[in-house]
Structure formats: structure tokens, C-alpha cells
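Asker: Following this message is one structure expressed as C-alpha cells.
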């Protein structure tokens, strides 16, 4: 049995392996159609291929729509908050809320 050992006098080959006499060293399988990349095995075939830019065809002029939609939703929320403040400042609502709080605090 021959053994390649890493140490002071050993060869500086990163692929040094222990192999029994008469046996060939283990070689990992490659994905079909892959280029020679050393000992790299592609776990997800096709993941390293560059992607096509098909989304831009579908998006077209809709690229900046998310920002405009957020702006409209923010304006609607501010308007709703203003309406709530206006309603809650009225005397009827203020009296109702104070009566509700007094009743809740008076419970034994």
C-alpha cells in the first residue's frame, strides 16, 4: 500500500490521496454537458448558467410602479389618520370615550 503523506518532505499536491495497490483513486462524477472544472461537482445542474433577461420583456414600463403604489398607499393612510383625529376630537366621541373609561375604572 502506498500512501502520500503531507509533511516536511511530502509533495505539495492538494490532491494527494491514499490508494491501495492495484486500485484507482476515486473520481467524482460530473454533470452531463459540463466543462472540465477540476474536482467540482455541480449539485444543481444549470444553476451556474447565466440567466436570460426575459423579465424585462414582461415588465416593460411597469418597472417603477411599486414606488408609486407605496406613495398612494401612504397618502391614503395619512388621510385616514386625519379623518380619525377629526372624529375623535368631536365632543360626542370625547364624551363617549370618557364615559367608557370611567365605567371601566369603576368596576369592582
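In this note's numbering, the protein residues as written are 171 to 278.
Using N, Cα and C, we set each Cβ at its ideal position, and we do this for glycine too.
1) Taking residue 263 and residue 271 to be in contact with their CB atoms under 8 Å, please state how far apart those CB atoms are, rounded to whole angstroms.
2) Over the uninterrupted alpha helix (DSSP H) stretch that includes residue 269, give me the two end residues.
3) Run through DSSP, which three-state label would residue 246 get?
Answerer: The answer reads as follows:
1) What you label residue 263 is simply residue 93 of the chain shown in a count that begins at 1. What you label residue 271 is simply residue 101 of the chain shown in a count that begins at 1. In fact, because the Cβ distance is near 13 Å, the residues do not count as touching under 8 Å.
2) Within the chain shown, residue 269 is the residue found at index 99, counting from 1. Annotation: the continuous alpha helix (DSSP H) that includes residue 269 extends over 261-276.
3) Stepping through the chain shown from its first residue, residue 246 is reached at position 76. The three-state reading of DSSP puts residue 246 in helix, counting H, G and I together.
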